[in-house]
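Below is one structure, written out as structure tokens; comments come after it.
Protein chains: 2
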Amino acid sequence: MALEHAILVSLLEQPGSGYELARRFERSIGRFWTATHQQIYRVLRRMETDGWVTAEEIGQDGRPDKRRYSVTTAGRETLTRWLREPVQPETVRHELAVKIRGAAYDDDAGRAALIVQVERYRADHVATLDRYLAGERRDFLDAAEIDAGQRLQHVVLRGGIAYERMVLDWLDDVLDTLRGLDR
Amino acid sequence: MALEHAILVSLLEQPGSGYELARRFERSIGRFWTATHQQIYRVLRRMETDGWVTAEEIGQDGRPDKRRYSVTTAGRETLTRWLREPVQPETVRHELAVKIRGAAYDDDAGRAALIVQVERYRADHVATLDRYLAGERRDFLDAAEIDAGQRLQHVVLRGGIAYERMVLDWLDDVLDTLRGLDR
DNA sequence: GGTTGCTATGCAACTCGTTGCATAGCAGGA
DNA sequence: TCCTGCTATGCAACGAGTTGCATAGCAACC
């Protein structure tokens with residue numbers, strides 16, 4: 001019930017097309033609110049009929065027209081109202097945690113396979129942390145951060161960085177535990 | 001696509017009724033895989049028709065019969081097969097992070113309201129951390145942890161504890177940032 | 001004596017989210 | 001030259017998840 005609001009925030013930070021939004025969701029925003037391009041396109045059209053956003057057709061040669069969306073006053077009011085509603089607890093779907101507990105009901109070969117999976121998973125998180133740190137260096141560390149928007153974006157990014165570091169430490173703990181079971 | 005598997009793991013650890021499962025999902029398992037009782041009941045019935053679990057009717061006086069579910073051999077094989085499939089990246093729906101970035105487009109009164117929300121959110125996470133720590137003392141710290149299942153449950157719990165500690169630190173950072181905007 | 005709350009399950013209707021596929025032209029590499 | 005991949009949007013069908021409501025008896029509280 002909040003993809004709309006995530007889109008509103010993203011469009012306020014920077015107007016863009018559905019495609020561009022989908023790419024942003026893959027990168028920064030998507031780490032705390034995932035969405036596929038299908039969802040984004042569908043929700044954008046609904047938001048347009050509800051008058052929360054307006055689209056401006058941008059003709060391009062050789063490729064389909066782009067629809068650049070911006071937030072309307074009505075959309076901004078909707079966002080403000082939502083901001084003041086109680087915060088819902090975060091929803092986590094952590095498949096790996098289920099698999100780790102499930103590993104108790106598999107044999108040594110299964111656990112060996114899980115270790116390989118965890119190592120791959122860990123490599124993905126190393127890559128994500130690196131991307132975050134690069135983004136932080138690029139966007140925040142050199143500037144004086146005068147802007148409230150920038151400070152808020154930075155504190156959310158710091159949350160992502162802290163999360164990734166925590167996950168990496170935990171995955172080391174997991175790998176030690178899994179490897180320790182066979183001895 | 002993995003609520004089934006979370007239920008299988010939970011039932012292997014301890015057979016139980018839909019209601020009992022729902023309560024477990026509210027507590028321990030639910031922190032990394034949320035599910036309402038509606039979902040659990042529906043999925044349990046499907047799992048029963050698929051032959052992954054069997055139900056044993058337990059008559060009780062004064063209240064509706066209980067259906068105690070256990071995992072069948074076929075269910076266990078399904079779980080093992082799933083355990084060896086690639087791990088999907090975790091899905092996070094972190095509404096608070098969206099609201100923090102959105103706060104850039106609200107006024108001082110809105111940000112003051114958000115600070116109150118963050119404080120409440122923080123109190124919830126303090127309570128969760130306390131519950132985890134109490135559970136750890138109760139189930140893991142005194143025992144020698146001979147059992148592989150216990151060691152795996154413990155490492156997942158340590159992940160939960162690390163997560164909650166990280167969140168609390170980050171929320172302090174968030175509160176400092178939000179309070180610093182008005183100065 | 002009334003209200004609240006717990007155990008225990010379930011239906012119906014709805015919204016959210018995913019998967020597979022389709023179009024379509026251009027750019028770059030083997 | 002063919003194949004892959006990128007920009008850009010969308011339909012259709014399905015599966016996952018939520019919300020509201022209903023039943024029903026017992027226990028505890030005020």
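Just so you know, the sequences run in chain order U and F. Sequential numbering from 1 applies to the first sequence in UniProt numbering. Sequential numbering from 1 applies to the second sequence in UniProt numbering. All C-beta atoms in this analysis are idealised placements derived from N, C-alpha and C, irrespective of residue type, glycine included. The structure displayed is predicted, hence computed values, not measured ones.
### Query
In chain order, which beta strand (DSSP E) runs of at least 3 residues are fully inside the region 67-97 of chain F?
If we require 3 residues or more, the beta strand (DSSP E) runs fully inside the region 67-97 of chain F come out as 91-93.
### Query
Should leucine 141 (chain F) go down as buried or exposed, given a rule of 16 or more other Cβ atoms within 10 Å for buried?
In the second sequence, the residue the question calls residue 141 (chain F) occupies position 141. Flag for leucine 141 (chain F) reads exposed.
### Query
Taking buried to mean at least 16 other C-beta atoms within 10 Å of its own C-beta, is glycine 180 (chain U) buried or exposed?
Locating residue 180 (chain U) in the first sequence gives position 180, counting from the first residue. Exposed: under 16 other Cβ atoms inside 10 Å.
### Task
Put residue 200 (chain F) into one of helix, strand or coil per three-state DSSP.
Only positions 1 to 183 of chain F appear in this structure, which leaves residue 200 (chain F) out of reach.
### Query
Per DSSP, glycine 149 (chain F) is paired with what?
Reading the second sequence from its first residue, position 149 is the one you call residue 149 (chain F). Glycine 149 (chain F) pairs with nothing; no bridge assigned.
### Task
Could you tell me whether the Cβ of phenylalanine 32 (chain U) comes closer than 8 Å to any Cβ of chain F?
Sequence index remark: in the first sequence, residue 32 (chain U) carries index 32 (1-based). Yes, contact with chain F.
### Query
valine 9 (chain F) versus chain U: which residues are under 9 Å apart at the beta carbon?
Residue 9 (chain F) sits at position 9 when you count from the first residue of the second sequence. In chain order: Val98, Lys99, Arg101, Gly102, Ala104, Tyr105.
### Task
Excluding the 5 residues preceding and the 5 following histidine 125 (chain U) in the sequence, name in chain order all residues of the same chain whose CB lies nearer than 8 Å to its CB.
Position 125 of the first sequence holds residue 125 (chain U). By the criterion of a C-beta distance shorter than 8 Å, histidine 125 (chain U) is surrounded in its chain by Glu164, Val167, Leu168, Leu171, once the five residues flanking it on both sides are discounted.
### Message
Taking the beta carbon of threonine 78 (chain F) as the centre, do at least 16 other beta carbons fall within 10 Å, making it buried, or is it exposed?
### Response
Your numbering for residue 78 (chain F) matches position 78 in the second sequence. Its Cβ being crowded by 16 or more others within 10 Å, threonine 78 (chain F) is buried.
### Message
Going by DSSP in three states, threonine 36 (chain F) sits in which element: helix, strand or coil?
### Response
Against the second sequence, residue 36 (chain F) aligns to sequence position 36. Assigned with DSSP and collapsed to three states, threonine 36 (chain F) falls in coil, not helix or strand.
### Query
CA-CA distance, glutamate 4 (chain F) and threonine 73 (chain U)?
By one-based count along the second sequence, residue 4 (chain F) stands at place 4. By one-based count along the first sequence, residue 73 (chain U) stands at place 73. Each residue's Cα considered, the two are about 44 Å apart.
### Burial state of alanine 134 (chain U), where buried means 16 or more other Cβ atoms lie within 10 Å
For this step, residue 134 (chain U) is matched to residue 134 along the first sequence. By the neighbour-count rule (16 or more Cβ atoms within 10 Å), alanine 134 (chain U) is not buried but exposed.
### Message
Going by DSSP in three states, glycine 51 (chain F) sits in which element: helix, strand or coil?
### Response
Within the second sequence, the letter at position 51 stands for residue 51 (chain F). For glycine 51 (chain F), the secondary structure class from DSSP, reduced to helix, strand or coil, is coil.
### Query
Can you give the Cα-Cα distance for alanine 123 (chain F) and valine 116 (chain F), rounded to whole angstroms?
If you number the second sequence from 1, residue 123 (chain F) lands on position 123. If you number the second sequence from 1, residue 116 (chain F) lands on position 116. Spanning the two alpha carbons is a distance of roughly 11 Å.
### Message
Out of F:Leu8, F:Leu175, F:Arg131, which one is the CA nearest neighbour of leucine 152 (chain U)?
### Response
Here residue 152 (chain U) corresponds to residue number 152 of the first sequence, with the count starting at 1. Cα-wise, what sits closest to leucine 152 (chain U) is F:Leu175.
### Query
For glycine 18 (chain F), which residues of its own chain have a beta-carbon under 8 Å away from its beta-carbon, when the five flanking residues on both sides are left out?
Working through the second sequence from its first residue, we reach residue 18 (chain F) at position 18. Result list for glycine 18 (chain F): His37, Ile40, Tyr41, Leu44, Arg67, Tyr69, in chain order.
### Task
Could you tell me which of U:Ala113, U:Ala148, U:Ala127 sits nearest to arginine 27 (chain U), measuring between CA atoms?
Taking the first residue of the first sequence as position 1, residue 27 (chain U) is located at position 27. Nearest Cα to arginine 27 (chain U) within the set U:Ala113, U:Ala148, U:Ala127: U:Ala127.
### Message
Tell me which residue opens and which closes the alpha helix (DSSP H) that alanine 123 (chain F) is part of.
### Response
The count along the second sequence starts at 1 and reaches residue 123 (chain F) at position 123. For alanine 123 (chain F), the uninterrupted alpha helix (DSSP H) run begins and ends at 108-136, by DSSP.
### Message
Please report the straight-line C-alpha distance between glutamate 13 (chain F) and aspartate 106 (chain U), rounded to a whole angstrom.
### Response
In the second sequence, counting from the first residue as 1, residue 13 (chain F) sits at position 13. In the first sequence, counting from the first residue as 1, residue 106 (chain U) sits at position 106. Going from the Cα of glutamate 13 (chain F) to the Cα of aspartate 106 (chain U) covers about 13 Å.
### Query
Given a threshold of 16 other Cβ atoms within 10 Å of its Cβ, counted over all protein chains shown, does glycine 51 (chain U) qualify as buried or as exposed?
What you label residue 51 (chain U) is simply residue 51 of the first sequence in a count that begins at 1. Counting of Cβ neighbours within 10 angstroms places glycine 51 (chain U) among the exposed residues, the total staying below 16.
### Query
Hey, is arginine 84 (chain U)'s beta-carbon within less than 8 Å of any beta-carbon in chain F?
Here the question's residue 84 (chain U) lines up with position 84 in the first sequence. Put simply, the CB of arginine 84 (chain U) is near chain F, with a gap under 8 Å to one of its CB atoms.
### Message
Could you compute how far the alpha carbon of valine 71 (chain U) sits from the alpha carbon of arginine 138 (chain U)?
### Response
In the first sequence, the residue the question calls residue 71 (chain U) occupies position 71. In the first sequence, the residue the question calls residue 138 (chain U) occupies position 138. If you take the alpha carbons of valine 71 (chain U) and arginine 138 (chain U), they lie about 27 Å apart.
### Query
Beta-carbon of glutamine 14 (chain F) versus every beta-carbon of chain U: anything under 8 Å?
The sequence position of residue 14 (chain F) within the second sequence is 14, counting from 1. Against chain U, the CB of glutamine 14 (chain F) has no partner CB under 8 Å away; the residue lies outside that interface.
### Task
Return the first residue and the last residue of the alpha helix (DSSP H) that serine 10 (chain U) is part of.
Position 10 of the first sequence, counting from 1, holds the residue named residue 10 (chain U). Here the alpha helix (DSSP H) through serine 10 (chain U) covers 3-13.
### Task
Verify the CB distance criterion: does valine 43 (chain U) have a CB-CB separation below 8 Å to chain F?
Taking the first residue of the first sequence as position 1, residue 43 (chain U) is located at position 43. For valine 43 (chain U), no CB of chain F lies under 8 Å from its own CB, so it is not counted at the interface with that chain.
### Query
Looking at the C-beta of methionine 166 (chain F), does it have a partner C-beta in chain U at a distance below 8 Å?
Position 166 of the second sequence holds residue 166 (chain F). Yes, methionine 166 (chain F) counts as interfacial toward chain U.
### Terminal residues of the alpha helix (DSSP H) in which glycine 18 (chain U) lies
Reading the first sequence from its first residue, position 18 is the one you call residue 18 (chain U). It spans 18-26 - the alpha helix (DSSP H) in which glycine 18 (chain U) sits, taken as one unbroken run.
### Message
Tell me the rounded alpha-carbon separation between residue 184 (chain F) and valine 118 (chain U).
### Response
Since the first and last residues shown for chain F are 1 and 183, residue 184 (chain F) lies out of range.
### Message
I'd like to know if glutamate 95 (chain F) contacts chain U, where contact means its C-beta is closer than 8 Å to some C-beta of that chain.
### Response
Here residue 95 (chain F) refers to the residue found at position 95 when the second sequence is read from its first residue. By the rule that beta-carbons nearer than 8 Å mark a contact, glutamate 95 (chain F) touches chain U.
### Task
Name the residue from U:Ala148, U:Gly110, U:Ala104 whose alpha carbon lies nearest to the alpha carbon of glutamate 85 (chain F).
Indexing the second sequence from 1 puts residue 85 (chain F) at position 85. Residue U:Gly110 is the option with its Cα nearest to glutamate 85 (chain F).
### Message
Comparing C-alpha positions only, which one of F:Thr91, F:Gln150, F:Gly75, F:Val98 sits nearest to histidine 154 (chain U)?
### Response
Within the first sequence, the letter at position 154 stands for residue 154 (chain U). Of the listed residues, the one whose Cα sits closest to histidine 154 (chain U) is F:Val98.
### Task
Determine the chain U residues that contact histidine 5 (chain F) at a beta-carbon separation under 9 Å, and present them in chain order.
Within the second sequence, the letter at position 5 stands for residue 5 (chain F). Within 9 Å Cβ-Cβ: Glu95, Val98, Lys99, Gly102.
### glycine 160 (chain F) versus F:Tyr121, F:Phe32, F:Thr80, residue with shortest Cα-Cα distance
One-based indexing of the second sequence puts residue 160 (chain F) at position 160. When only C-alpha atoms are compared, the closest one is F:Phe32.
### Query
Within the 8 Å Cβ cut-off, does tyrosine 121 (chain U) reach chain F?
The residue you call residue 121 (chain U) lines up with position 121 of the first sequence. For tyrosine 121 (chain U), the answer is yes, since a Cβ of chain F falls inside 8 Å of its Cβ.
### Rounded straight-line distance, which links the Cα of aspartate 182 (chain F) to that of isoleucine 7 (chain F)
Numbered from its first residue, the second sequence carries residue 7 (chain F) at position 7. Numbered from its first residue, the second sequence carries residue 182 (chain F) at position 182. Isoleucine 7 (chain F) and aspartate 182 (chain F) have their C-alpha atoms some 48 Å from each other.
### Query
Do you know how far the Cα of tryptophan 82 (chain F) is from the Cα of proline 89 (chain U)?
Numbered from 1 along the first sequence, position 89 holds the residue referred to as residue 89 (chain U). Numbered from 1 along the second sequence, position 82 holds the residue referred to as residue 82 (chain F). Taking the straight line joining both Cα atoms gives about 29 Å.
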